[in-house]
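K.L.:
Going by my numbering, the first residue of the sequence shown is number 1399, and it counts up by one from there.
Think of the CB as a built atom: it goes at the ideal place given N, C-alpha and C, for glycine as much as any other residue.
Since we're looking at a predicted model, the values are computed, not measured.
Below are the structure tokens for one structure; questions will follow.
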Amino acid sequence: MLVLRNSRHLDPTGWHSVDLLLDAGRIVALGEDAAAGLGSDVQSVDASGLMVLPGLVNAHLHSNECFERGLYGALPLERWLARAYPPLGSPAVPTRWHRLRTLLCAIDALRSGCVAVQDDFLNPGNEPEALDAVMQAWADSGLRASVATTLGDRPYLDGLPFARELCEPGLAARLDARVALPLADQAAFFESARRQWHGQAQGRLQIMLGPRGPQRCSDALLQQVAALAERLGSRVHMHVLETHTQAVTAAEQGGCFVQRLQRLGLLDRRLTINHAVWLDAAQIDALARAGCQVTHNPLSNLKLGSGIAPLRALLDAGVTVALGSDGPATGDTADMVEVLRCAALLHRAPATPPSQWLGAAEAWSCATTGGAASMGLAAGSGTLAVGAPADLMLLDLRHRAFIPLHDPVAQLVYAGTSEAVHSVIVGGRLLMHGRRILAFDEDAVLDEAREAGERYCAEQLPGKRASGEALDPLLEAVHRRVWSSSAPAGLH
Ligand SMILES: [Zn+2]
């Protein structure tokens, strides 16, 4: 049991001082006298000057990118991908680094008021030790985490438009020599990971299916994903139509990706689509009717020049939208306060009427209830109410962003920084208090990560960079062809 005493609380009648009683992972009482009569043996936090709010959900992240912040200045997705995930292969990563990179993301998450993350941990070799290290790190962080296992089977060149035609034969042969794991092995890896980790850490951990974009997956693989999702009730987390190049790829591959996902049985409430930038009205309507969720990753989309997702159209159609940072090698941070601000400000083109802009309150709702829906969290997640999970942040209203106090959410989104987040509670357990992380030794993680990061830069990065740069002539030719053609009709 944990008691938060004298928290500032705003309801329609104004500001109050309230206590919150947290027990068995839930809010069991909230009110001016909620803690009356409790003995001194109950763990108690003085929340004077603080405001309790639901914690945030980072609904799309790649923890494996955490040694590459700020590394890629100005590259479109496909050329960035060739460096961050070299299609010709990259050196094996020591298991310890997986843990450290995950905990670096956990530090960003806790310090910015997150209680839950969806980690699309890209592990195309399906290495069990790597996944175990990531899962254990999320378990140790105290956060809720849903982690994807990677599935994909199409050869690299078949996932890009015009690439077969433009690639010189020697390079094509080297790329084609890299064969995906058999589908049965990929499915077995997912099922094994699910048996081992799903529901562990007091129910905080989940395993989900992470098929790569539709352009990287055969129909057979996607049907297998749909069957696994149906049989096990698993959630599916997938990048779809992030860039103009992918929209052209869809046309090259014979049509609309959203229709294809529908035909293969994937378009339903279990599916979360990441990015969804290049959608037309019919695709948005199909997502809404199927009850899919979308993650919006504004920092990443801006960094890679991917375009601006049609958020207003998605929300108006009734699609549940969550917010994500994307990997630290694109958005360069997993700080959700920064993501909130970017989302709230991005959708304001001069020709868009202000009534259509997103704003702080809607961005907040995407980062709380939207994220909880995408993750399939328990009822009440993302809200502050008796019976809701005790997944909370305490906002420090003494922070300069709140002087004077008008609207705490708007002031956090437009004027705040993550320094305004005082404490984080997940499942009724204090993970950060007074900006000190209690769940693990932050300084030790930072020291160890610094040393591992230096080794990474010395031993792995030059080879990865060279491997990625070797594809630049091909990818530049692909982009010239893509950008000389107009976007497929009707696309955003
Ligand atoms: Zn991503």
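(1) With a threshold of 7 Å (Cβ to nearest heavy atom), would G1725 be considered close to ligand 1?
(2) Using the Cβ count rule (16 or more neighbours within 10 Å means buried), how would you classify P1726?
(3) Let me know the secondary structure DSSP gives V1545 once reduced to three states.
(4) Have a look at the DSSP bridge pairing and note the partners of P1452.
(5) N1370: beta carbon under 7 Å from a heavy atom of ligand 1?
(6) Examine ligand 1 and report whether any of its heavy atoms sits within less than 7 Å of the Cβ of H1458.
(7) In chain order, what residues of the same chain lie with their CB nearer than 7 Å to the CB of L1436, ignoring the 5 residues before and after it?
(8) Closest by CA to S1488, which one among H1407, R1576, H1458 and A1561?
(9) CA-CA distance, R1667 and A1434?
(10) Give me the residue from L1555, R1592 and A1561 with the minimum Cα distance to D1574.
(11) Within the same chain, show all residues whose beta-carbon is closer than 7 Å to that of A1578, passing over the 5 residues directly before and after it, in chain order.
(12) In chain order, which beta strand (DSSP E) runs of at least 3 residues are fully inside the segment 1462 to 1548?
(13) In three-state terms, what does DSSP make of D1431?
(14) Quick check on M1606: buried or exposed, where buried means 16 or more other Cβ atoms within 10 Å of its Cβ?
(15) Is H1637 near ligand 1, in the sense that its beta carbon is under 7 Å from a heavy atom of that ligand?
(16) Take the Cβ of V1440 as the centre, count every other Cβ of all protein chains shown within 10 Å, and call the residue buried at 16 or more, exposed below.
(17) Report the three-state DSSP secondary structure of V1623 (helix, strand or coil).
(18) Roughly how many angstroms separate the alpha carbons of V1717 and G1568, rounded to a whole number?
(19) Sort out for me which residues DSSP pairs V1656 with in a bridge.
(20) Is N1521 near ligand 1, with its Cβ less than 7 Å from a heavy atom?
(21) Got a sec? Which residues, its chain only, sit under 8 Å from Q1534 by beta carbon, not counting five neighbours each side?
P.N.:
With the structure as the only source:
(1) With a cut-off of 7 Å, the C-beta of G1725 is classified as near ligand 1, since at least one heavy atom of the ligand falls inside that distance.
(2) The residue is buried, with at least 16 neighbouring Cβ atoms inside 10 Å.
(3) DSSP, reduced to helix, strand and coil, places V1545 within a strand of the structure shown.
(4) The bridge partners DSSP lists for P1452 are L1790.
(5) In the structure as shown, the chain begins at 1399 and stops at 1890. Residue 1370 is therefore absent and cannot be evaluated.
(6) For ligand 1, at least one heavy atom lies less than 7 Å from the Cβ of H1458.
(7) Within the same chain, L1436 has close Cβ partners V1401.
(8) It is R1576 whose Cα lies nearest to the Cα of S1488.
(9) Their backbone Cα atoms lie some 43 Å apart in a straight line.
(10) The residue from L1555, R1592 and A1561 with its alpha-carbon nearest to that of D1574 is L1555.
(11) Hits under 7 Å: G1550 and D1551.
(12) Runs found: 1512 to 1517.
(13) When secondary structure is reduced to three states using DSSP, D1431 falls in the coil class, being assigned neither helix nor strand.
(14) Per the 10 Å Cβ criterion, buried.
(15) Look at H1637: its beta carbon is less than 7 Å from one of the heavy atoms in ligand 1.
(16) Label assigned to V1440: exposed.
(17) In this structure, DSSP gives V1623 a helical state, which the three-state scheme calls helix.
(18) Spanning the two alpha carbons is a distance of roughly 45 Å.
(19) In DSSP, V1656 forms no bridge with anything.
(20) Taking the Cβ of N1521 as the reference point, every heavy atom of ligand 1 lies at 7 Å or farther away.
(21) Here the set comprises R1497.
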